[in-house]
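Working notes for the structure below.
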Amino acid sequence: MDMSEFVIGESSGLKPVMERVLQVAPTDAPVLVLGETGSGKEVIARAIHARSRRAHGPVVRVNCGAIPSELIDSELFGHERGAFTGAVGTRKGWFERADGGTLFLDEVGELPRAAQVRLLRVLQESTIERVGGHETIHVDVRIVAATHRHLESMVAEGTFREDLWYRLSVFPIRLPALRDRMEDLPALAAHFAERAGKRLGGPGLTPTPDDIELLRRYTWPGNVRELAAVIERGAILGNGKRLELAAALGGPTVKPPSRPSTPVRDAEEIVTLDEATAAHIRRALAARGGRIEGPFGAARLLGINPHTLRARMRKLGIEWSHFREPSAGPPSMQR
């Protein structure tokens, strides 16, 4: 998703977001982008960078939730040769690689407390030390952090440092979820359908009124990213000639409503949120043969982080191996 896709539609909720981007971009102030998975946090980070004095410098994205805790210091700050077993050479960390540009700390709420202390020091002093080194290295980096978590609650719980929260939240930008800007859904769907058709070598596709009505019935936990993925999947299922969105959303159990539609449903038809979530996750796992991570994993299909998907699976009692294809490898391969 690029910036042009983010602003598709006429939602009034996007106007203050864009105003804040334009206000803060020329400064070097830290920015905290808040929003659900798939709502466009990285798009905003890159828009801030592109409109800043650092636009010709690097913009480096780090997914804080994807780095094992024992490697966080090495990844962020680099290491010297011999600093630990396997450190066969000196390596620059992400802060040094982003020098003169912008460092985008995605999912900053996943950082362990010890790493939060060291990040705070960099924000205060603009210096780092590589693991195993003694030299103080100055870095000129603008920080844009993002999270789907409620950091204020984490501060109250003691899992996120209050002083780091204050440093990062100098200029917060909150992104609306797709369900809160559903008036934009027809325009977004039309854009993604046209793009999906052309990617498959044919003309752009156009969603029908029934397609739009079907999409409106879904809550989009993965937001715009999930919408784009569903429409592309529907185009593939339709062989690039039509959109098979019912199948893309989960198969025959999801059907376009008959007309005229009514917002009222019999109580017997209503399932709990956990039941609906579990069913959706199972469909994604089945479609990906039990694979969770990677470009063809269920997490990418759902538009959420693998860590988040595993947590939800544990909560809902879903075992990935039940969906493993016969030719699939052992659990270590299903990452």
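Residue numbers (the working numbering): 5 to 339. Glycine residues also receive a C-beta, built at the ideal position from the N, C-alpha and C atoms.
- Does the pairing of the stretch 34-50 with the stretch 145-154 give three or more beta-carbon distances under 8 Å? yes
- Query: Under 8 Å between the Cβ atoms of H83 and R125?
  - Reply: Locating residue 83 in the sequence shown gives position 79, counting from the first residue. Locating residue 125 in the sequence shown gives position 121, counting from the first residue. No; because the gap between Cβ atoms is not below 8 Å, this pair is not in contact.
- Task: Compare the Cα-Cα distances from V121 to each of V143, V28, D103 and R171 and report the closest residue.
- Result: Numbered from its first residue, the sequence shown carries residue 121 at position 117. Minimum Cα distance to V121 is reached at R171.
- Rounded to whole angstroms, how far is the Cβ of G341 from the Cβ of L179, which I believe are closer than 8 Å? Limits of the chain in this structure are 5 at one end and 339 at the other, which puts residue 341 out of reach.
- Item | Among I285, P62, L218 and I235, nearest to R203 - alpha-carbon criterion | The residue you call residue 203 lines up with position 199 of the sequence shown. Among I285, P62, L218 and I235, the Cα nearest to that of R203 is on I235.
- Query: When DSSP labels each residue in this structure, what does T281 get in the three-state scheme?
  - Reply: By 1-based counting over the sequence shown, the position of residue 281 is 277. Of the three classes helix, strand and coil, the one that applies to T281 here is helix, per DSSP.
- Could you check which residue in V143, E156, V174 and R221 has the C-alpha nearest to that of L189? Residue mapping note: residue 189 aligns to position 185 of the sequence shown, counting from 1. Ranking V143, E156, V174 and R221 by Cα distance to L189 puts R221 first.
- Task: Can you tell me which of the three DSSP states N227 falls into?
- Result: Looking up residue 227 in the sequence shown gives position 223. Of the three classes helix, strand and coil, the one that applies to N227 here is helix, per DSSP.
- Task: Name the residue from F327, K319, D278 and A252 whose alpha carbon lies nearest to the alpha carbon of P306.
- Result: On the sequence shown, residue 306 is found 302 positions in, with the first residue counted as 1. Contrary to the premise, residue 306 reads as Leu rather than Pro in this sequence. Out of F327, K319, D278 and A252, A252 has the C-alpha closest to the C-alpha of L306.
- Out of V228, F327 and P20, state which residue places its alpha-carbon closest to the alpha-carbon of A194. One-based indexing of the sequence shown puts residue 194 at position 190. Checked all of V228, F327 and P20; the closest Cα to A194 is V228.
- Query: Considering I71, what are the terminal residues of the beta strand (DSSP E) in which it resides?
  - Reply: The sequence position of residue 71 within the sequence shown is 67, counting from 1. Counting along the chain, I71 sits inside no beta strand (DSSP E), nor does DSSP assign it H or E at all.
- Message: Just to confirm before moving on: does the CB-CB distance between V66 and D32 stay below 8 Å?
- Response: Here residue 66 is taken as the residue at index 62 of the sequence shown, counted from 1. Here residue 32 is taken as the residue at index 28 of the sequence shown, counted from 1. Result no, Cβ atoms of V66 and D32 do not sit closer than 8 Å.
- Taking P20 as part of the alpha helix (DSSP H), name the residues at either end of that continuous run. Taking the first residue of the sequence shown as position 1, residue 20 is located at position 16. L18 to V28 is the span of the alpha helix (DSSP H), which, as asked, contains P20.
- So V145 packs on L107, CB below 8 Å; how close in whole Å? As a first step, residue 145 is located in the sequence shown; it is residue number 141 there, counting from the start. As a first step, residue 107 is located in the sequence shown; it is residue number 103 there, counting from the start. 5 Å between Cβ atoms; contact.
- Alpha carbon to alpha carbon, what distance is there between E161 and H154? In the sequence shown, residue 154 corresponds to position 150, counting from 1. In the sequence shown, residue 161 corresponds to position 157, counting from 1. So the two alpha carbons sit approximately 11 Å from each other.
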